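Let me begin by presenting the structure, written as structure tokens, before commenting on it.
Protein chains: 4
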Amino acid sequence: MNVGIVGATGFGGLELVRLLQQHPGVKKLTLYSSSKKGESIETIYPHLNGIKEGKLEDIDPYKIPEQVDFLFSSAPTGVSASLLPPILERGMKVIDLAGDFRLKKSEDYQQWYKKEPPDPKWVDLAVYGLSEWNTDLIKNAQMIANPGCYPTAALLGLLPLIKKSLIEVSTIIIDAKSGISGAGAVPSVSAHFPFANDNLQIYKVNQHQHIPEIEQMVHHYSETNKPITFSTHLVPMTRGIMNTMYAEVKEGVSSKEIEETYIEYAEQHDFIRLSPSQGFPSTRQVYGSNFCDIGWSFDHRTQRITAVSVIDNLMKGAAGQAVHNFNLMNGFPETAGLPASPVFP
Amino acid sequence: MNVGIVGATGFGGLELVRLLQQHPGVKKLTLYSSSKKGESIETIYPHLNGIKEGKLEDIDPYKIPEQVDFLFSSAPTGVSASLLPPILERGMKVIDLAGDFRLKKSEDYQQWYKKEPPDPKWVDLAVYGLSEWNTDLIKNAQMIANPGCYPTAALLGLLPLIKKSLIEVSTIIIDAKSGISGAGAVPSVSAHFPFANDNLQIYKVNQHQHIPEIEQMVHHYSETNKPITFSTHLVPMTRGIMNTMYAEVKEGVSSKEIEETYIEYAEQHDFIRLSPSQGFPSTRQVYGSNFCDIGWSFDHRTQRITAVSVIDNLMKGAAGQAVHNFNLMNGFPETAGLPASPVFP
Amino acid sequence: MNVGIVGATGFGGLELVRLLQQHPGVKKLTLYSSSKKGESIETIYPHLNGIKEGKLEDIDPYKIPEQVDFLFSSAPTGVSASLLPPILERGMKVIDLAGDFRLKKSEDYQQWYKKEPPDPKWVDLAVYGLSEWNTDLIKNAQMIANPGCYPTAALLGLLPLIKKSLIEVSTIIIDAKSGISGAGAVPSVSAHFPFANDNLQIYKVNQHQHIPEIEQMVHHYSETNKPITFSTHLVPMTRGIMNTMYAEVKEGVSSKEIEETYIEYAEQHDFIRLSPSQGFPSTRQVYGSNFCDIGWSFDHRTQRITAVSVIDNLMKGAAGQAVHNFNLMNGFPETAGLPASPVFP
Amino acid sequence: MNVGIVGATGFGGLELVRLLQQHPGVKKLTLYSSSKKGESIETIYPHLNGIKEGKLEDIDPYKIPEQVDFLFSSAPTGVSASLLPPILERGMKVIDLAGDFRLKKSEDYQQWYKKEPPDPKWVDLAVYGLSEWNTDLIKNAQMIANPGCYPTAALLGLLPLIKKSLIEVSTIIIDAKSGISGAGAVPSVSAHFPFANDNLQIYKVNQHQHIPEIEQMVHHYSETNKPITFSTHLVPMTRGIMNTMYAEVKEGVSSKEIEETYIEYAEQHDFIRLSPSQGFPSTRQVYGSNFCDIGWSFDHRTQRITAVSVIDNLMKGAAGQAVHNFNLMNGFPETAGLPASPVFP
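Residue numbers (our numbering), protein chains in the order written: chain A, 9 to 353; chain B, 9 to 353; chain C, 9 to 353; chain D, 9 to 353.
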């Protein structure tokens with residue numbers, strides 16, 4: 009299979025290159041970039057020195073379907089909305105890593121992204137690619153809206169409890185922390201090393217565009233449509249997300265019920281791992297891998313659960329989940345092309 | 009004034025040395041250490057190369073009152089309880105940076121510290137040294153139980169709202185993050201660089217001994233005695249604490265009331281600084297200083313406030329606050345010996 | 009093939025686990041540890057949560073040959089000398105990652121390691137496993153003394169110039185810098201995060217045990233036996249080695265000759281990559297991979313070359329090179345089990 | 009004394025603000041910035057929240073002499089050349105932290121800076137402000153060209169040996185490493201956190217504009233004018249420079265002579281500290297201070313000395329040395345306004 013990557017010079021794109029280079033189902037990679045077309049990716053990113061087919065092609069949505077069999081798009085949010093429709097029209101299968109097609113309600117997109125929403129026709133077509141929760145839909149999808157990094161960690165940790173109605177959805181508070189690669193490859197003040205190093209920053213409190221994405225799935229699996237509280241921090245590390253999540257446990261729900269729910273859940277999914285009882289995961293233990301590790305504690309003093317999920321934001325939070333979805337869509341083994349082990353230390 | 013520092017080779021002790029070396033009211037420093045007695049502190053810590061009076065004296069509670077006029081004790085929690093009483097008996101003024109004398113209820117100490125509590129006589133004598141909130145008590149105290157790092161950040165951010173009854177105390181959730189110097193000077197697995205670097209760890213969820221310390225003050229200023237939720241993270245940075253704190257705002261309370269409360273509060277205190285409206289502080293902006301910087305946002309969707317406080321854990325969270333208290337106890341200007349500006353970047 | 013790893017809980021061992029888990033020629037892994045025998049490696053290292061066959065077996069040199077077909081030993085230097093002979097006696101193939109068998113002269117071992125050298129019989133048997141330079145010897149070896157991390161980077165960068173007699177060997181100065189994982193998995197003062205972070209340390213100046221290892225190969229490829237200068241630094245990063253190497257260029261040697269030498273060299277070896285002219289590599293560009301990237305500059309003002317080589321100390325500097333050697337010894341493709349792309353960023 | 013700071017929003021300027029805020033000889037600070045004139049520095053740098061006189065004034069060289077009594081200029085190199093002459097014409101005392109006036113030979117400036125050199129009249133007037141070596145000249149100077157960060161560390165470590173003719177100047181090789189604040193406050197690719205973190209970079213090999221600055225002083229104190237070798241690395245830390253310096257020791261020179269030279273030197277200068285015999289300094293031990301710490305080892309195998317000097321690049325390498333010079337020029341105690349202790353950890 010010939011596979012294309014749009015936006016290959018961003019962090020999501022680079023991680024796709026890393027994974028797909030060694031994917032057993034990929035015969036050839038074609039890399040696209042509008043800003044760097046004609047250059048070789050190895051002159052920009054010397055870690056790819058020696059890569060075959062490193063030349064960056066211009067992005068022409070009318071030519072892409074003739075050049076590749078499957079497309080990953082890692083263009084910035086706002087670009088996908090206009091770039092992908094001509095490609096989708098031709099019936100091509102696409103995984104989009106941007107935010108454009110994730111929110112089913114146009115008004116949510118407008119409110120939180122402050123941009124014009126894409127044509128609802130394509131939004132309706134798009135399957136929200138949370139691999140473990142939309143597995144069957146993904147298998148049959150033409151197009152995947154690959155989830156955001158924070159929502160992936162949040163939903164994978166909370167949905168098992170919400171689906172079984174073990175917690176009060178209206179009390180959910182998510183305190184999210186991310187490594188700085190989440191801010192992308194373009195230099196900025198908050199990611200300038202002398203400012204970011206030895207520093208902990210908080211940003212977009214109550215205003216992050218991932219809030220409606222989380223709520224959309226939370227509300228889907230619960231009877232309420234109450235808003236949640238969500239805030240995001242920049243931790244001085246390159247990769248990794250930890251979401252610390254708080255909620256009231258419904259009256260009568262026991263620790264044992266929670267434990268059994270999580271155990272059963274982890275057993276069903278290759279990439280979900282549960283910390284031993286009373287243990288909590290750290291971000292480094294999933295570095296470079298597609299795992300989501302979960303730990304939790306039920307505090308009887310407050311009747312609240314503290315659930316913690318960690319992922320690698322560029323893997324399970326972006327390219328890794330995209331490759332997982334690619335495997336589901338094409339009948340490859342779920343773990344094809346994904347590393348068995350995190351990089352540690 | 010001749011001043012002694014017990015536990016001079018720990019991080020709290022070292023920071024006291026840095027500050028008191030240049031304090032205008034300190035004539036002579038005497039450094040005590042049981043494990044390193046007889047050695048010079050500069051051979052252990054070369055950043056102090058050239059320090060006058062660097063010799064480490066043995067800790068003898070019966071001799072200390074003859075050697076110094078005022079004592080800072082930065083011994084580990086559990087040691088102060090037996091070390092300080094003979095010194096206090098002699099009427100000497102003491103600031104203790106350990107946890108031994110902070111909790112007024114013996115049962116709290118036993119439950120959370122899993123140690124025998126000190127003689128209640130001395131616990132009763134000890135004034136909880138939250139500089140901005142117990143100012144008058146501190147001025148007249150013989151002995152100060154200097155607050156813990158996390159409680160300092162939490163209480164300085166929350167008490168103004170609690171005192172004015174603007175938030176529902178029972179809904180308080182504190183998500184705390186600390187730099188790794190909080191773990192002390194002794195090497196350990198979780199602070200081993202290859203494990204701690206590029207990693208975010210969570211620990212002591214619902215079990216941290218600072219929980220009852222926070223609750224003690226929160227309950228003092230409110231009508232409830234409901235427990236709070238508190239969890240702690242290790243961020244790959246040397247110094248700094250950020251507490252992200254969530255609570256429901258009482259019905260009818262407006263953003264304006266909250267803003268006015270914080271503005272008035274910041275105006276009254278030299279070391280409290282308020283971020284501009286809609287702004288949030290980062291830990292680096294208080295690095296090496298005694299400031300506590302506060303920011304907040306009221307989310308009308310959820311009726312919750314997100315309040316954020318940052319401190320330098322070794323300064324406002326330990327040695328800096330101790331020197332502030334020392335100033336209060338001795339009639340020095342409140343800012344004496346404390347840097348006017350953080351170290352940035 | 010059933011493969012055993014002795015010392016699986018050290019950093020070299022962990023990296024072997026990561027690589028061999030997905031190696032196409034490895035059927036089963038057996039992990040050995042004397043200190044942790046009976047435990048499961050995933051309880052010590054949760055990044056391996058879910059690993060098959062994670063149980064740690066006791067190290068019994070008489071049983072190992074019955075349990076596995078091939079052995080990697082990542083025991084500490086000094087242990088291999090007594091552990092491996094009984095295994096070698098049985099004719100088993102072994103790759104040893106420790107320093108015990110690297111130095112051909114007993115007196116060098118004694119002088120630099122301050123330990124008793126192993127039986128010369130086994131030292132003579134051992135092939136120094138610098139993959140690109142001893143390829144044929146490695147293919148036919150029963151036993152490999154896998155090179156040290158610093159010597160690997162130094163030799164891969166210098167030997168092409170030395171072999172062609174382009175530089176004055178007696179003027180070689182190597183300024184080496186390593187990430188802190190080089191110090192191993194056991195917590196220590198110099199690797200304690202509050203001391204190591206935001207800090208640059210220098211250690212073992214003129215005393216590092218890798219000096220004779222470098223000199224042994226340098227002298228083998230040159231006509232001189234003059235000593236070199238070598239010093240080592242600890243950089244606040246987890247992985248990576250950069251060696252900045254200085255030497256006088258022999259009179260009459262041109263830039264062009266140097267360039268052609270390096271180009272030809274890089275073309276012959278899969279894991280050697282040359283920076284574009286006037287470019288220099290950074291450590292991150294080989295993170296998690298088996299590459300050695302090289303850059304250089306000839307300064308006509310001083311008639312000196314500055315050559316720079318970077319590797320991942322746990323990969324090309326340890327486990328990656330060991331797997332490369334394993335491939336050579338067993339007729340697998342040279343790149344089998346080794347990642348095509350570094351992890352970036 | 010009313011003191012002005014031009015370029016207050018750069019890192020050198022910020023550090024001057026930190027120091028001069030508490031300098032006993034400074035009555036009032038005026039901050040100048042062309043790009044941010046009219047703004048308050050605390051809105052750009054919240055660590056200065058609450059600073060008196062934080063308003064940024066426009067830079068008008070004809071008005072400055074009416075507004076302040078003494079000027080620090082921390083404008084970028086190339087700007088000082090045209091900005092300062094009108095101010096100097098008025099007889100005002102100035103310390104310039106840029107590179108414009110450091111090189112006495114115009115052709116050196118043109119070759120290494122690729123810019124037009126300033127009027128030689130002012131270059132001749134400027135005293136090179138290496139505090140410990142030009143003390144008397146500085147005391148009587150109208151204008152100081154404050155040294156670069158790398159040259160300060162290099163010269164303070166080497167000049168004692170060169171002046172006494174203990175080493176072969178033609179063999180000097182300086183391997184310099186800096187924290188990333190040395191790259192300044194403007195975001196860039198090499199300082200973008202995801203690229204800079206967990207990475208070691210090398211840059212400007214044999215091309216750094218600090219080379220002629222080092223050579224100028226080295227040649228002044230020796231009989232030779234041979235070039236030196238110098239290369240620079242970016243270490244993932246905020247502050248700190250370590251120069252590892254190699255040179256052949258002249259025949260007949262003993263370890264004892266070197267030791268005595270360094271001991272005598274350190275005894276004469278408040279800000280020079282010598283590591284104990286066989287010990288080496290790390291950068292963290294001078295963090296936030298004006299110290300230069302030195303260690304060394306004489307290797308009899310190679311007849312070479314390895315000398316190591318560390319400084320805080322923003323302090324002794326910039327603002328700290330400038331304040332030291334300000335003290336010398338104005339008859340203040342040499343240590344006035346400079347912290348007695350580094351910030352550690």
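Glycine is no exception: its CB is placed at the ideal position from the N, C-alpha and C atoms.
Since this is a predicted model, take the numbers as computed values, not measurements.
Identify every run of the alpha helix (DSSP H) within the segment 45-127 of chain D, keeping only runs that are complete inside it and at least 4 residues long; order them along the chain. 49-52, 72-75, 88-97 and 114-121
Does S189/C get closer than 8 Å to chain B when you measure Cβ to Cβ? Yes, because at least one Cβ of chain B sits closer than 8 Å to the Cβ of S189/C.
Can you list, in chain order, the residues of its chain with a C-beta nearer than 8 Å to that of L167/A? Leave out the 5 residues immediately preceding and following it. Taking L167/A as the centre and dropping the five residues before and after it, the same chain places the C-beta of W141, M225, V226 and Y229 closer than 8 Å to its C-beta, in chain order.
Does the count of Cβ pairs from the segment 43-62 of chain A and the segment 27-38 of chain B closer than 8 Å reach three? no
Straight-line CA distance for V87/A to G248/A? 26 Å
Suppose contacts are defined by Cβ-Cβ distances below 8 Å. Is P195/A in contact with P195/D by that definition? Taking 8 Å as the Cβ cut-off, P195/A and P195/D qualify as a contacting pair.
At least one CB of chain B closer than 8 Å to the CB of V197/C: is that the case? At least one CB of chain B lies nearer than 8 Å to the CB of V197/C.
Contact check, G296/A vs P244/A under 8 Å by CB: the rounded distance? Contact doesn't hold; Cβ gap of about 18 Å is too wide.
Determine whether the beta carbon atoms of I72/A and L39/A lie at a separation below 8 Å. no
Cross-chain neighbours of T246/A in chain C, by beta carbon under 8 Å: P353
Could you name the residues of chain A that L208/B contacts, counting a contact when the two beta carbons are closer than 7 Å? K185, V243, M245, G248, M250, S290 and T291
Cβ pair L111/B, V102/B closer than 8 Å: Cβ distance not < 8 Å, so L111/B and V102/B don't count as in contact.
Using CA coordinates, which residue listed in A83/B, S263/B, F201/B and I181/B is at the minimum distance from G187/B? F201/B
Here's the rule: buried if 16 or more other CB atoms are within 10 angstroms of the residue's CB, otherwise exposed. What is G21/A? Its Cβ being crowded by 16 or more others within 10 Å, G21/A is buried.
Anyone know if the C-beta pair for V294/D and G303/D falls short of 8 Å? no
Compare the C-beta of A161/C with all C-beta atoms of chain A and state if any pair is closer than 8 Å. Not one chain A Cβ lies under 8 Å of A161/C.
Same chain, Cβ closer than 8 Å to H241/B, neighbours up to 5 away in sequence not counted: Only D183, A184, K185, S186, L208, Q209, I210 and Y211 meet the Cβ criterion.
Answer with yes or no whether the minimum CB distance from Q286/A to chain C is below 8 Å. With its beta carbon at least 8 Å from every one in chain C, Q286/A lies outside the interface.
By how many angstroms is the C-alpha of L64/D removed from the C-alpha of K44/D? 7 Å
Any 3 or more C-beta pairs closer than 8 Å across the segment 261-268 of chain A and the segment 317-329 of chain A: No, the segment 261-268 of chain A is not in contact with the segment 317-329 of chain A.
Using CA atoms only, rank isn't needed, just tell me which of V34/A, Y121/A and L24/A is closest to P220/A. Y121/A
What are the residues that DSSP puts in a beta bridge with E256/C? Looking at the DSSP assignment, E256/C forms a beta bridge with R312/C.
Is there a C-beta anywhere in chain A that falls below 8 Å from the one on R26/B? Interface annotation, R26/B: not in contact with chain A, CB-CB separation never under 8 Å.
List, in chain order, every chain B residue whose beta-carbon is nearer than 9 Å to that of Y254/A. I181, D183, T237, S239 and Y254
For S317/A, does the three-state DSSP call read helix, strand or coil? strand
Roughly how many angstroms separate the alpha carbons of S41/D and E97/D, rounded to a whole number? Rounded to the nearest angstrom, the two C-alpha atoms are 21 Å apart.
Residues in the same chain with beta-carbon distance under 7 Å from S114/C, minus the five sequence neighbours each way, listed in chain order, please. P125 and P128
Is I181/C close to the ligand COA? I mean its beta-carbon at under 7 Å from any heavy atom of the ligand. No copy of the ligand COA appears in this structure; indeed no ligand is present at all.
Separation of P353/A from R312/B, as counted between CA atoms: 39 Å
Contact list for the segment 97-130 of chain D against chain B, Cβ threshold 7 Å: none
Let me know if G165/C comes out buried or exposed under the rule of 16 or more other beta-carbons within 10 Å of its beta-carbon. buried
Distance, Cα to Cα, S81/D vs L105/D? 6 Å
Look up K185/B in the DSSP assignment and give the residues it is bridged to. H241/B and M250/B
Pick helix, strand or coil for L24/D, following the three-state DSSP scheme. helix
Quick one: list the residues of chain B neighbouring P54/D, beta-carbon separation under 9 Å, in chain order. R281, S283, P284, G287, P289, S290, Q293 and D301
Contact list for A204/A against chain G, beta-carbon separation under 7 Å: The chain inventory of the structure shown lacks chain G, comprising the protein chains A, B, C and D.
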